[in-house]
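Residue numbers (the working numbering), protein chains in the order written: chain A, 75 to 587; chain B, 2 to 490.
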């Protein structure tokens, strides 16, 4: 093991923080230098995450690029990092969206620019840490620390009701994590370690959890993650936070932070508490489907563009949760794929809405109409992103939803049927919105003079569209790297009984999809 | 008959050094010209450092050094436990003295008495932590209380301050009487006030259990007052609000930690035969204290009052650790007390300076827009509040983590969840101040533009300490584990 492979995760985590410190040393009047430094550090981080992801060995089970060091002696807490196909993908997502968020904030953030980029980079450190941690306490530390920069991003640079939205976001997440911390410490008392691989080994070898304890522990973890996702009854913080946040905040929030919930379910809930997961799965699937349909219906009637996108996230994340809890390998792969692709599509949607807001300072659909005439380039990009979000084949959204629905169908046909309603509704609310905003005559004379995308915006959107198309046409590089992770999760769920017969073992999963 | 021996004096060396310096300051006060009164502050600081050195020396050499061990016929124990607390008290006293020099200058208060009283109060606290005899505990408590009663009323021309002092004095005396009554019960039952002797005799005579319970309750009432533990916390908001901010910094940490030392020694170290009973007293009080503190703080418009409620809540978290007991619980409590001292003293000292002359700017509204006008100060205050709220990477988080770990190990899962939910509630009110500083922009009157170097030093120490304890806990966890040992011998 070279120095490089044991430290690359540390570099990925702390490079953005180094950037934040560098920014803190710059004078606040040098706004342009601050932007460039922030972009430089986030791009550098992105490049390293690309290296990480491309060097990930898709054939190897278990964690790669591990780094293990003792952090606390009593109780023993490790600085233990490592990634597999799942977490590396999430790290790639966070690394991809951060430089773009820097770019979308280039002109729209004019007050306290320095602090804004400091918080954005600090947030990236927190996100990377969450996905790379293999020690429960380390995970918890990053999970909580990340709230603070996000709180400030929403609270300082947000819109009218920003203070309310920011504190609501923090309190919801913390209420969940309070339960999770209890669960973590309880787990420690049983297994004598906070180290995830060792806890898994312990639980697999001696089934030392009583069913009741397992049920409670599952709930403690699940509720924390369900709030983050958010799963249906816990979703009320989401529209507020997403709508009030500045564009970059919404992008990161929808793109990465929500995925922490689904990531947590895959990384902790399923492998650690397989029996309880199976037990609660029907309930969770029903909640997920309610989320899909409810999110879509509410999105349909939103007068506010950003709120529409926010509710569409509730629906899309419902798919991810459904995919996880039907316990089918293809559905879990679809769910992971959907996590990434939702990050890209919804991130792009928030960026587009943000660009419109920069020009008109309103997000109300009724203020627009016929925008395709003054903004041809913008509306083309918007159309592609909308189509990707509603799951058009050959674009990224399709792959994930399709796999999830196949898996759901195998598990329970009714799940698939109801989830498909969500797909139809997504087409309805997105296309209807597109039609009202872009087609027809220009209804509001103030929209006639709007300027089309400038070079910076074109650059951002082109990158997004390239990724959208690439992921839709050629998902294989991503899916290949998930196989081992999904396999090991399935192994835990099925408790060592050999996994599904209708699926070739990893490495031969080519062509068919 | 106990005879005085040089060894005994050796074992209370820190207390002696402090008393000498306190007297010295009082004597020298008239000879220092007005305008140079800060010199007395440096002298007091020197005293604290000397006393801290004396106690540090005790710790490092352990039992090979004659300075460790019982003294005065077993009424004082110079052990790791008391050394740990003495170290903490020296730190608090030093920081408060350093942080109040320019405060006293600004508001034209008397210097000499202030430092002398802080030192005397600290002597009392040291005795509380070191006593293994109920009478000595009572004496220590009185010494520290009387000093703090006077300090609480130090802004003589302010009626709120006078109210604070009088309230503190009257209720405090009342509470001490309860403690004394409890001690009388123990003496009546066992014929001794020595903790070891009394607990042995109580354990040997189960027929006295009901009366022993009465004694425990009475003593708990007396201590709970000092801890500001519910339901005896009523005085705290008024007194903390009225007292000068540096004094509040001192008494929200020092006497509280000392009372915890006594609580640990008496309830966990000695009267273990009544374990179950005292456990429930602690459980109920912990649950009540957390809830009362956090709910009370929610809508306070005054920042000192808000922090007063918050310090009640923190006493509740520490009580969770005491209720958990055991080695884990006690070391967690010790760790938490150090973390709490760092963040609370730092916050109060900063507030004292931001309040401006005569402490007029103590409303949360007065902090509006502070982040634009004074970003560094706002950042410091934010660190203190984040630590108080228990966010990771700060001392506050690890303190809570150690305590909750002990609590879950002792199967106090309900209490732990209650504590964690309480800390979520606390985020709301700490963040109200952060909201005012960062998210409201209308400029308001702000106090002196530049912080004196003494305050900058205090802030630097506290913030470095918060991150040190929050990121590299091993040294202090080792120390607090070591300090918990004597209670299990």
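Think of the CB as a built atom: it goes at the ideal place given N, C-alpha and C, for glycine as much as any other residue. This one's a predicted model, so the numbers in the text were calculated from it and none came from an experiment.
Sequence-distant residues of its chain with Cβ nearer than 7 Å to residue i (five each side left out)
i, result
"residue 138/B", "129, 132, 263"
"residue 218/A", "251"
"residue 392/B", "398"
"residue 466/A", "472"
"residue 467/B", "343, 344, 384, 388, 395, 396"
Any chain A beta carbon closer than 7 Å to residue i
i, result
"residue 137/B", "no"
"residue 475/B", "yes"
"residue 469/B", "no"
"residue 421/B", "yes"
"residue 478/B", "yes"
"residue 7/B", "no"
"residue 177/B", "no"
"residue 418/B", "yes"
"residue 410/B", "yes"
"residue 440/B", "yes"
"residue 487/B", "no"
"residue 451/B", "no"
"residue 393/B", "yes"
"residue 386/B", "no"
Start and end residues, alpha helix (DSSP H) containing residue i
i, result
"residue 139/A", "Residue 139/A -> not in any alpha helix (DSSP H); beta strand (DSSP E) instead, spanning 138–146."
"residue 195/B", "Neither: residue 195/B is in no alpha helix (DSSP H) and is coded neither H nor E."
"residue 246/B", "246–264"
"residue 125/B", "113–131"
Beta carbon proximity, residue i to chain B, threshold 7 Å
i, result
"residue 230/A", "yes"
"residue 252/A", "yes"
"residue 147/A", "yes"
"residue 218/A", "yes"
"residue 152/A", "no"
"residue 263/A", "yes"
"residue 548/A", "no"
"residue 536/A", "no"
"residue 385/A", "no"
"residue 287/A", "no"
Collapsed DSSP secondary structure at residue i in the structure displayed
i, result
"residue 154/A", "strand"
"residue 85/A", "helix"
"residue 52/B", "helix"
"residue 364/B", "strand"
"residue 449/A", "coil"
"residue 131/A", "coil"
"residue 207/A", "strand"
"residue 269/A", "strand"
Alpha-carbon spacing of residue i relative to residue j, whole angstroms
i, j, result
"residue 182/A", "residue 350/A", "47 Å"
"residue 257/A", "residue 291/A", "5 Å"
"residue 564/A", "residue 403/A", "7 Å"
"residue 23/B", "residue 408/B", "41 Å"
"residue 300/A", "residue 308/A", "7 Å"
"residue 262/A", "residue 479/B", "20 Å"
"residue 484/A", "residue 405/A", "9 Å"
"residue 113/B", "residue 311/B", "31 Å"
"residue 329/A", "residue 268/A", "28 Å"
Cutoff 8 Å; reference residue i; Cβ partners in own chain excluding five residues on either side
i, result
"residue 473/B", "none"
"residue 189/A", "226, 230"
"residue 141/A", "80, 81, 83, 84, 153, 154, 155, 156"
"residue 431/B", "311, 386, 387, 389, 390"
"residue 88/B", "53, 56, 57, 60"
Delimiting residues of the beta strand (DSSP E) encompassing residue i
i, result
"residue 223/A", "Not the beta strand (DSSP E): residue 223/A falls in the alpha helix (DSSP H), residues 221–231."
"residue 77/B", "77–79"
"residue 71/B", "70–72"
Cβ shell of residue i (< 6 Å), same chain only, five flanking positions each side left out
i, result
"residue 237/A", "229"
"residue 204/B", "274"
"residue 229/B", "237, 313, 316"
"residue 570/A", "Annotation note: pLDDT 44 at residue 570/A (below 50); position unreliable, coordinate value reported separately. Excluding positions up to five away in sequence, the list is empty."
"residue 132/A", "554, 555"
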